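Everything below concerns the one structure shown next.
The following block contains the structure:
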């Protein structure tokens, strides 16, 4: 009997190890309020970098966090269009509400696909982790989706993001 209990406990522990949850968010809505970020790197769920293309009729992909009373708001540029929606951060997990977007056409099909893919990852976001490196004066935010994509944003300081090379940028690659 005792042996069966030990085996059952070990089996449960082994199964739990196979399905470990993703890291939990280490920031709060209060920490993020009033901050703006620019996308510097996108690692897809297969480990490959998603090519971020500058230019076209859009600017860089960005995200901004703000508060409207008790509501948490995220907004930004998806490349060609602007977006705005709500979000919650509770028990270490992120939930993004459906975002409204403007309806400007992207000039290139590649830029349109980038924007569409970004909005899909944003909608499936599960965690936000922030890392500050005061030695390099870099503040990064990683948004992870339920599908395994990770978006690395760099905080925009005084209206300008730090040099892309300082954070491992894939823009234009």
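In our numbering, the protein residues as written are 946 to 1118.
Just so it is clear, CB atoms sit at the ideal spot from N, CA and C, and this is done for glycine as well.
Keep in mind that this is a model prediction, so the values were computed, not measured.
Item                                                                                                                                    : Value
Look up residue 1066 in the DSSP assignment and say whether it is helix, strand or coil.                                                : helix
In terms of residues, what are the limits of the beta strand (DSSP E) holding residue 1089?                                             : 1083-1090
Closest by CA to residue 973, which one among 1011, 997, 995 and 1004?                                                                  : 1011
Measure the C-alpha to C-alpha separation of residue 982 and residue 1099 and round it to an integer number of angstroms.               : 5 Å
Rounded to a whole number of angstroms, what is the C-alpha to C-alpha distance between residue 1074 and residue 1054?                  : 31 Å
How close, in whole Å, do the beta carbons of residue 1041 and residue 1059 come, if the pair is a contact with beta carbons under 8 Å? : About 18 Å; that fails the 8 Å criterion.
Is it buried or exposed for residue 1017, if we count other Cβ within 10 angstroms and need 16 for buried?                              : buried
Kindly identify the DSSP beta-bridge partner or partners of residue 1014.                                                               : DSSP, once it has assigned bridges, lists no residue as partnering residue 1014.
Which runs of the alpha helix (DSSP H) at least 4 residues long sit entirely within the stretch 1019-1077? Give them in chain order.    : 1054-1068
Could you tell me whether the Cβ atoms of residue 1022 and residue 1009 are closer together than 7 Å?                                   : no
If you reduce the DSSP assignment to three classes, tell me which class residue 993 lands in.                                           : coil
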